[in-house]
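Participant: I am attaching a structure below and will ask some questions about it afterwards.
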Amino acid sequence: MTLLLRRAQWQIQAVVAFAEAGSLLFGMFDPLEKLKEYIGLQSVSADSAYRSEMLKTRDFVAGMFREMGLGVEIVDTKGHPIVVARRTGPASWPHVVIYGHYDVQPVDPIELWETEPFVATEKDGRLYGRGAADNKGPQMAHIAAVAELLEEYPELPLRLTFVIEGEEEIGSPNLLPLLEERQEELSEADFVLLSDTLSPSAEQIAVTVGLRGIVEMEFELVGPNSDLHSGLYGGAVYNPLQAMAEVCASLHTPDNRVNVPGFYDDVTEVEDWEREELKRLGSDEEVYKASLGVEALHPHAGYTPFEAIRYLPTLEFNGMWGGYQGEGSKTIVPAKAQAKITCRLVGQMDPAKIGKLVADTIRSRVPAGIRIDFRMGHSGVPYLVVPPDRPNTPQNQPPRLAQAFRATDRAINEVFGRPPLFLREGGSIPIIADVKRVLGLDSVMIGLFLPEDNLHAPNESMVVGVLKKGTEVSKRILKEISGIY
Ligand code: BES
Ligand code: MN
5 MTLLLRRAQW
15 QIQAVVAFAE
25 AGSLLFGMFD
35 PLEKLKEYIG
45 LQSVSADSAY
55 RSEMLKTRDF
65 VAGMFREMGL
75 GVEIVDTKGH
85 PIVVARRTGP
95 ASWPHVVIYG
105 HYDVQPVDPI
115 ELWETEPFVA
125 TEKDGRLYGR
135 GAADNKGPQM
145 AHIAAVAELL
155 EEYPELPLRL
165 TFVIEGEEEI
175 GSPNLLPLLE
185 ERQEELSEAD
195 FVLLSDTLSP
205 SAEQIAVTVG
215 LRGIVEMEFE
225 LVGPNSDLHS
235 GLYGGAVYNP
245 LQAMAEVCAS
255 LHTPDNRVNV
265 PGFYDDVTEV
275 EDWEREELKR
285 LGSDEEVYKA
295 SLGVEALHPH
305 AGYTPFEAIR
315 YLPTLEFNGM
325 WGGYQGEGSK
335 TIVPAKAQAK
345 ITCRLVGQMD
355 PAKIGKLVAD
365 TIRSRVPAGI
375 RIDFRMGHSG
385 VPYLVVPPDR
395 PNTPQNQPPR
405 LAQAFRATDR
415 AINEVFGRPP
425 LFLREGGSIP
435 IIADVKRVLG
445 LDSVMIGLFL
455 PEDNLHAPNE
465 SMVVGVLKKG
475 TEVSKRILKE
485 ISGIY
């Protein structure tokens with residue numbers, strides 16, 4: 005067949021496929037049914053009680069790729085296994101790495117779920133269930149896109165490597181060693197494609213160009229060698245909960261700056277085009293407050309809340325506990341108090357350096373009579389990527405990365421009816437900066453979950469229409485990268 009004829013045939017097939025996309029009816033691969041099955045698997049990475057479900061999920065993911073005709077490798081790690089699936093080909097073909105995670109957050113508090121968390125339930129255009137949005141649904145957009153493309157164009161000139169890990173929600177402790185080990189194979193890829201970030205709404209999709217870094221820590225303040233009768237000893241010793249409250253309260257100023265000397269040293273300036281892009285988002289503080297059920301917001305001085313979550317670091321208390329928490333009262337001076345903190349990082353902030361700064365500051369503020377035990381947890385470096393045609397686009401930006409951003413811009417405009425906003429997000433996907441550092445690859449991140457999707461919370465869901473359109477967007481990007489129009 006001549007090339008021209010074949011191209012004409014491809015175009016007809018593409019039109020038919022787009023028409024079919026409306027009903028989510030595809031040849032062999034039914035993305036919605038696959039996703040329902042996927043959500044039914046209880047892949048909670050944080051809780052060892054779910055270990056066998058994690059293995060079942062691994063096998064499900066592997067099976068899906070085998071059905072699509074890809075070569076599957078299961079990489080065992082010290083923790084949960086990683087599924088790597090490949091479509092190989094000549095070195096002249098573009099090579100896209102697609103990332104996702106098959107693990108999900110725990111489901112508690114289970115009593116607040118209106119449907120069974122591990123039974124995918126379709127209701128009012130949404131698919132409910134743990135992991136529907138983070139990350140099984142958005143990830144399925146790319147898997148479905150590849151499945152459909154390979155059915156339509158069995159000879160698609162594109163190399164693909166899927167990396168689907170099972171430990172994102174616990175800080176990806178075992179993915180970095182894999183990247184280092186496979187550095188040679190993976191670093192010659194062109195870019196990474198993923199959907200594990202937020203869009204403002206189903207009408208306004210975002211391409212995420214920045215993620216905050218993170219550093220996690222936990223500490224215990226220890227006072228007397230046992231809980232004490234507060235009548236007998238209260239007033240004589242430093243109460244660890246009082247010390248905890250005082251130390252924690254000292255870590256912010258009233259205008260919500262982090263009160264740790266040096267904390268902001270490596271925060272970098274935000275480009276004008278980024279501020280313009282955020283203005284186009286047109287967020288409304290009243291709507292935002294109402295959606296959160298708060299009467300006032302508390303952003304860092306000089307920033308709107310929408311800027312603060314994207315452009316600034318934070319120090320957040322994730323948990324604080326100690327003393328008597330049962331029914332009624334108990335008159336004690338508790339022996340100890342505990343707290344968990346995470347800092348979100350931006351710009352050039354280094355997790356190890358910030359972790360040490362915060363730890364040293366806390367230590368220096370612990371009063372005499374109280375001992376501190378400190379534990380530093382997982383961390384991730386902030387990530388930024390500049391799309392093409394911006395004042396600060398790197399001169400040496402790889403052409404296929406630039407092509408991917410332009411294709412993404414165009415595809416989102418065509419499929420969702422509005423061009424995307426290129427925005428930073430406040431969340432973290434630590435592996436993305438590692439991929440840049442170890443493999444030299446940048447990531448094209450298409451936001452396919454929404455503020456209403458209840459990530460990490462009860463009643464998580466994904467909009468089915470976003471999944472369908474996201475699939476079409478991914479197909480168009482991959483086609484354009486393959487040189488098929
Ligand atoms: N998908 C999220 C990250 C995210 C959330 C990006 C919102 C952009 C907007 C991811 O699964 C996640 O929750 N990551 C954790 C990382 C942590 C466990 C190291 C996070 O951000 O808290
Ligand atoms: Mn996620």
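When the letters of the sequence shown are read in order and numbered with this note's numbering, they come out as residues 5 to 489.
The C-beta atom is built at its ideal place from N, Cα and C for all residues, glycine as well.
Would you be able to state if there are at least three C-beta pairs under 8 Å between the stretch 271 to 278 and the stretch 321 to 333?
Facilitator: Judged by Cβ distances under 8 Å, the stretch 321 to 333 makes no contact with the stretch 271 to 278, as fewer than three pairs qualify.
Participant: Could you tell me the distance, in whole angstroms, from the CA atom of G83 to the CA atom of V241?
Facilitator: The count along the sequence shown starts at 1 and reaches residue 83 at position 79. The count along the sequence shown starts at 1 and reaches residue 241 at position 237. For G83 and V241, the distance between alpha carbons rounds to 43 Å.
Participant: If you follow the beta strand (DSSP E) that F69 is part of, which residue opens it and which one closes it?
Facilitator: On the sequence shown, residue 69 is found 65 positions in, with the first residue counted as 1. Unbroken run through F69 is the alpha helix (DSSP H), 55 to 71; no beta strand (DSSP E).
Participant: Where does the unbroken beta strand (DSSP E) through Q342 begin, and where does it stop?
Facilitator: Taking the sequence shown and counting its residues from 1, the one referred to as residue 342 is at position 338. 340 to 349 is the extent of the beta strand (DSSP E) around Q342.
Participant: Closest to H146 by CA distance: which of L471, L459, Y489, D354 is it?
Facilitator: Taking the sequence shown and counting its residues from 1, the one referred to as residue 146 is at position 142. Of the listed residues, the one whose Cα sits closest to H146 is L471.
Participant: Please find out if some non-hydrogen atom of ligand 4 comes closer than 7 Å to the beta-carbon of N139.
Facilitator: Absence of ligand 4 is noted for the structure shown, with ligand 1 and ligand 2 being the only ligands found.
Participant: Please confirm if the stretch 151 to 158 is in contact with the stretch 52 to 63, defined as three or more CB-CB distances below 8 Å between the two stretches.
Facilitator: No, the stretch 151 to 158 is not in contact with the stretch 52 to 63.
Participant: Could you tell me the distance, in whole angstroms, from the CA atom of V150 to the CA atom of S96?
Facilitator: The residue you call residue 150 lines up with position 146 of the sequence shown. The residue you call residue 96 lines up with position 92 of the sequence shown. So the two alpha carbons sit approximately 19 Å from each other.
Participant: Return the chain-ordered list of same chain residues with a C-beta closer than 6 Å to the C-beta of S478, the five sequence neighbours on each side being excluded.
Facilitator: Counting from 1 along the sequence shown, the entry for residue 478 is found at position 474. Answer for S478: A145, H146, A149, listed in chain order.
Participant: Which one of I336, T475, F453 has the shortest CA to CA distance from G327?
Facilitator: Taking the sequence shown and counting its residues from 1, the one referred to as residue 327 is at position 323. Selected option, being the one with the closest Cα: I336.
Participant: Kindly indicate which three-state DSSP category W325 falls into: helix, strand or coil?
Facilitator: The sequence position of residue 325 within the sequence shown is 321, counting from 1. W325 falls in the strand class under three-state DSSP.
Participant: Could you give the DSSP three-state label for N178: helix, strand or coil?
Facilitator: Working through the sequence shown from its first residue, we reach residue 178 at position 174. In the structure shown, N178 sits in coil (DSSP, three-state: anything other than H, G, I, E or B).
Participant: Need the endpoints of the alpha helix (DSSP H) that R4 sits in, please.
Facilitator: In the structure as shown, the chain begins at 5 and stops at 489. Residue 4 is therefore absent and cannot be evaluated.
Participant: Can you say whether S254 is buried or exposed, counting buried as having 16 or more other CB atoms within 10 angstroms of its CB?
Facilitator: Walking along the sequence shown from the start, residue 254 turns up at place 250. Burial call: exposed.
Participant: Look at the alpha carbon of S191 and the alpha carbon of I436, and state the distance between them as a whole number of angstroms.
Facilitator: Taking the first residue of the sequence shown as 1, we reach residue 191 at position 187. Taking the first residue of the sequence shown as 1, we reach residue 436 at position 432. S191 and I436: Cα-Cα distance of roughly 13 Å.
Participant: Note down, in chain order, each residue of its chain lying with its Cβ closer than 6 Å to the Cβ of T475, except the 5 sequence neighbours on either side.
Facilitator: As a working mapping, residue 475 is identified with position 471 in the sequence shown. Closer than 6 Å at Cβ, skipping near neighbours: A145, A148, A149.
Participant: Judging by CA-CA distance, which residue of V385, G306, E172, R375 is the nearest neighbour of P355?
Facilitator: The residue labelled residue 355 in the question sits at position 351 within the sequence shown. Taking only the C-alpha atoms, the option nearest P355 is V385.
Participant: Residues in its own chain within less than 8 Å of I358 by CB, not counting five upstream and five downstream?
Facilitator: Within the sequence shown, the letter at position 354 stands for residue 358. The residues are V219, F267, P317, C347, L349.
Participant: Which word fits H302, buried or exposed, when buried means at least 16 other C-beta atoms lie within 10 angstroms of its C-beta?
Facilitator: Position 298 of the sequence shown, counted from the first residue, corresponds to residue 302. Classification of H302: exposed, given that the 10 Å Cβ count is below 16.
Participant: Using DSSP with H/G/I as helix, E/B as strand and the rest coil, what is K127?
Facilitator: Taking the sequence shown and counting its residues from 1, one reaches residue 127 at position 123. In this structure, K127 counts as strand in the three-state DSSP scheme.
Participant: Would you report the Cα separation of P392 and I86, rounded to the nearest angstrom?
Facilitator: Residue numbering aside, residue 392 sits at position 388 when the sequence shown is read from its first letter. Residue numbering aside, residue 86 sits at position 82 when the sequence shown is read from its first letter. So the alpha carbons of these two residues sit roughly 32 Å apart.
Participant: For M449, is the classification buried or exposed, using 16 other Cβ atoms within 10 angstroms of its Cβ as the cut-off for buried?
Facilitator: Taking the first residue of the sequence shown as position 1, residue 449 is located at position 445. Buried: at least 16 other Cβ atoms inside 10 Å.
Participant: Looking only at its own chain, which residues have a Cβ that is under 7 Å from the Cβ of S230, when we skip the five neighbours before and after it?
Facilitator: Along the sequence shown, one-based indexing puts residue 230 at 226. Cβ within range, chain order: A339.
Participant: What residue range does the beta strand (DSSP E) around F378 cover?
Facilitator: Sequence index remark: in the sequence shown, residue 378 carries index 374 (1-based). Taken as a continuous stretch (DSSP letters only), the beta strand (DSSP E) holding F378 covers 375 to 384.
Participant: Determine the closest residue to Y132 out of S368, E169, L36, with distance taken between C-alpha atoms.
Facilitator: Residue 132 sits at position 128 when you count from the first residue of the sequence shown. Here the closest residue by C-alpha is L36.
Participant: With a threshold of 16 other CB atoms inside 10 Å of the CB of P424, please say whether the residue is buried or exposed.
Facilitator: As a working mapping, residue 424 is identified with position 420 in the sequence shown. P424 comes out buried.
Participant: Return the CA-CA distance between L111 and A50, expressed in angstroms with no decimal places.
Facilitator: In the sequence shown, residue 111 corresponds to position 107, counting from 1. In the sequence shown, residue 50 corresponds to position 46, counting from 1. Here residue 111 is Val; the residue named in the question, Leu, does not match the sequence. Cα to Cα, the separation comes out at about 11 Å.
Participant: Which residue from D364, A137, S447 puts its Cα closest to that of L454?
Facilitator: Along the sequence shown, read from residue 1 onward, the residue named residue 454 stands at position 450. The shortest C-alpha separation from L454 is found at A137.
Participant: Does the beta-carbon of P355, which I'm using as the reference point, lie nearer than 7 Å to any heavy atom of ligand 1?
Facilitator: Stepping through the sequence shown from its first residue, residue 355 is reached at position 351. P355: no, Cβ never under 7 Å from ligand 1.
Participant: Using the C-alpha atoms, what's the distance from S47 back to R55?
Facilitator: If you number the sequence shown from 1, residue 55 lands on position 51. If you number the sequence shown from 1, residue 47 lands on position 43. Approximately 8 Å between the Cα atoms of the pair.
Participant: Using alpha carbons as the reference points, say which of T165, A372, I345 lies closest to N322.
Facilitator: Sequence index remark: in the sequence shown, residue 322 carries index 318 (1-based). When only C-alpha atoms are compared, the closest one is I345.
Participant: Give a yes or no on whether 8 Å exceeds the smallest Cβ distance from K473 to chain D.
Facilitator: Of the protein chains in this structure there is only one, and it is not chain D.
Participant: For L225 and A363, what's the separation of their Cα atoms in angstroms?
Facilitator: The residue you call residue 225 lines up with position 221 of the sequence shown. The residue you call residue 363 lines up with position 359 of the sequence shown. If I take the Cα positions, the gap works out to 13 Å.
Participant: Grab me the residues of P462's own chain with a C-beta within less than 6 Å of its C-beta, minus the 5 sequence neighbours each way, in chain order.
Facilitator: Position 458 of the sequence shown holds residue 462. The residues are L116, W117.
Participant: When every heavy atom of ligand 2 is checked, does at least one fall within less than 7 Å of the C-beta of H105?
Facilitator: As a working note, residue 105 is residue 101 in the sequence shown. Yes, the Cβ of H105 comes within 7 Å of a heavy atom of ligand 2.
Participant: To which residues of the same chain is T119 closer than 8 Å at the C-beta, ignoring the five residues directly before and after it?
Facilitator: As a first step, residue 119 is located in the sequence shown; it is residue number 115 there, counting from the start. Within the same chain, T119 has close Cβ partners T125, K127, Y132, G133, N463.
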